[in-house]
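Reviewing the structure listed below.
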Amino acid sequence: MSQSPDILCIGAVLWDIIGRHDQNMERGHDRPGHITRIPGGVAMNIAMALKAYGMSPALLSAVGKDDEGEELLRACAGLGMNTQYIYRPDDFPTDRYMAIEGRNGLIAAIADAHSLEKSGDAILSPLSADLEGWTGLIAVDGNLTVELLTQIATDPAFVQADLRLAPASPGKAERLRPFLTHPTATLYVNLEEAGLLMGKDFDDSATAASALLANGLHRALVTNGAETASLASGSVLLTLQPPKVQVKRITGAGDTFMAAHISAEAQGADAETALQTAMKATATYISGDSY
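Per this note's numbering: the sequence shown = residues 4 to 294.
This is the structure:
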């Protein structure tokens, strides 16, 4: 039996297929590099980082019963993941994500999370069974459909939970609008995603975080690459500069930031320490080192 969880991670669990070239790349480039295939997806990435930081996450997602799904669950188990609550649809293939990265960042990516989307609220069934009455930490990613995210945002069962939201990508940031008025939601976004949510451009993370709070959000954390990151909560506005490192990988950086921040707070860190911890962990990750 898996260890009792202290946080639920709801969202994408899939295969990450990442191609990396160690120099700058542009559209149309054909370059040598390395291609990896590893367990990924926003919920999975967050859960793996949380596990590395000493927490006990459980995954709520959809993984097909195809060969790729069986292999993925074996790989997840080998990483110490709690997969006992994952929904296993009969008719849908296991999801995949494909990205190309250069030294200058993400060049292009495609997320094929259609099975997760088609599974709908079936992935939430453990919350009305083994996990009924859960009031602890829940990390939710924007790979879920607008309909399911709206359901979570308006369901009284989630009002007492400590919700942490990640948009998954700029293209899915607007899906999180239903949480702008949720009483416990903390939103982790980059500057572009904050702009998409608010329908305007921001020059810096502090302005973006303040705008999100002014529009009803309970708490906002906004990052901006190598520029300052900000936290806005109540009357608190905290802005810090992240460490400067050479970027060797991008995919999963935001998930690492979110997990490190959650873990630091779970261990009792104050606002400034938790934000510093998250930025340092992200710098370590994108520089190519381990957690």
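We put the CB at the ideal spot given by N, CA and C, even for glycine. Note that the coordinates shown come from a computational prediction; the quantities given were computed from them, not determined experimentally.
Next item on the list: Would you please state the rounded distance, in angstroms, between the beta carbons of S64 and A15? I believe it to be under 8 Å.
Entry: Indeed they touch by this definition, with Cβ atoms about 6 Å apart.
Margin query: For G123 and G257, I'd like the C-alpha separation in whole angstroms.
Written below: C-alpha of G123 to C-alpha of G257: approximately 25 Å in a straight line.
Next item on the list: For E135, count neighbouring Cβ atoms within 10 angstroms of its own Cβ and tell me buried if that reaches 16, exposed if not.
Entry: E135 should be labelled exposed.
Item checked: Given 8 Å, three or more beta-carbon pairs between the segment 102-118 and the segment 27-42 -> Contact between the segment 102-118 and the segment 27-42 is present, because at least three Cβ pairs lie under 8 Å.
Margin query: Classify D206: buried if its beta carbon has 16 or more other beta carbons within 10 angstroms, exposed otherwise.
Written below: Result: exposed.
Margin query: According to DSSP, is E104 part of a helix, a strand, or is it coil?
Written below: Correct three-state label for E104: strand.
Next item on the list: Give me the Cβ distance between R167 and A142, rounded to the nearest whole Å; I'm assuming they're in contact under 8 Å.
Entry: Yes, they are in contact, since the Cβ atoms of R167 and A142 sit about 5 Å apart, within 8 Å.
Checklist line | Contact between the segment 222-233 and the segment 244-252 (3+ Cβ pairs under 8 Å) | finding: Taking 8 Å as the limit for Cβ pairs, the verdict is that the segment 244-252 does touch the segment 222-233.
Checklist line | For S236, the residue or residues it bridges with in DSSP | finding: When DSSP reads this structure, S236 sits in a beta bridge with R222 and V239.
Item checked: Same chain, Cβ closer than 8 Å to L240, five either side skipped, listed in chain order -> Here the set comprises A209, A212, S213, S233 and L234.
Notebook entry, point to check: For V250, which residues of its own chain have a beta-carbon under 6 Å away from its beta-carbon, when the five flanking residues on both sides are left out?
Noted result: Around V250, the same chain offers I289 as residues with beta carbons nearer than 6 Å, after the five sequence neighbours per side are excluded.
Check: Would S118 pass as a contact of D144 if the rule is Cβ separation under 7 Å?
Finding: No. Outside cutoff.
Notebook entry, point to check: Can you tell which of R91, K283, A61 and G139 has its C-alpha closest to the C-alpha of I13?
Noted result: Of R91, K283, A61 and G139, the smallest CA-CA separation from I13 is found for A61.
Check: If you follow the beta strand (DSSP E) that T189 is part of, which residue opens it and which one closes it?
Finding: Counting along the chain, the beta strand (DSSP E) containing T189 begins and ends at T189 to N193.
Next item on the list: Could I get the ranges of all uninterrupted alpha helix (DSSP H) runs contained in the segment 115-170, with 4 residues as the minimum, in chain order?
Entry: Those alpha helix (DSSP H) runs which fall completely within the segment 115-170 and span 4+ residues are 117-122 and 149-157.
Next item on the list: Less than 8 Å between the CB atoms is what I'm expecting for G219 and T184, so what's the real figure, rounded?
Entry: The Cβ separation is near 4 Å, so the contact holds.
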